[in-house]
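K.L.:
Numbering (the numbering used here), first residue to last: 8 to 140. We put the CB at the ideal spot given by N, CA and C, even for glycine. I have a structure I would like to understand better, so I am pasting it below and will then ask my questions one at a time.
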């Protein structure tokens, strides 16, 4: 008997710890292959974090997690041409009183991602509040 993944929000934890997982990778592949931009606006506890975690695992080519799932072959192919996954998690940003504080926090996250993945991306070191207007 499989355990229910109550409170588990990461695809990797669900798969590695053998929690029950209803395969939604067919729908996720449809989003990847047929869409451009999406804004995920759903109520709390509606699966947004799990969906994004699944997307992240797919693009990072974590094929072992997709064994027996619809997207297994797609993820195996993805391993051949991996791309960095930049995750802008807004939940840890806190409460900011000014646009400048928020802007600085976002710039910090993006700069860390650029360093982490050793990306060859140029950016203006002098970005200020005018960029947000």
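#1: Check residue 10 in the structure and name its three-state DSSP category.
#2: With DSSP as the reference, label residue 26 as helix, strand or coil.
#3: Relative to the C-alpha of residue 32, which residue among 8, 24, 106 and 73 is closest?
#4: Label residue 49 either buried or exposed according to how many other C-beta atoms from any shown protein chain fall within 10 Å of its C-beta, with 16 as the threshold for buried.
#5: Which word fits residue 34, buried or exposed, when buried means at least 16 other C-beta atoms lie within 10 angstroms of its C-beta?
#6: Go through its chain and collect everything with a Cβ distance to residue 87's Cβ below 6 angstroms, but skip five positions before and after it.
#7: Let me know the secondary structure DSSP gives residue 92 once reduced to three states.
#8: Quick check: the Cα distance between residue 45 and residue 116, rounded to an integer number of angstroms?
#9: At the level of alpha carbons, what is the spacing between residue 137 and residue 107?
#10: Using alpha carbons as the reference points, say which of 42, 41, 36 and 53 lies closest to residue 63.
#11: Give me the residue from 122, 30 and 20 with the minimum Cα distance to residue 75.
P.N.:
On the basis of the data shown:
#1: strand
#2: strand
#3: Closest by C-alpha distance to residue 32, out of 8, 24, 106 and 73, is 73.
#4: It counts as exposed.
#5: exposed
#6: So the list is empty, once near-sequence residues are dropped.
#7: The answer is coil: DSSP assigns residue 92 none of H, G, I, E or B.
#8: 21 angstroms
#9: Note that residue 137 scores 47 on pLDDT, short of 50, meaning its location in the model is unreliable; the coordinates nonetheless yield the value given after this. Their backbone Cα atoms lie some 10 angstroms apart in a straight line.
#10: 36
#11: Out of 122, 30 and 20, 30 has the C-alpha closest to the C-alpha of residue 75.
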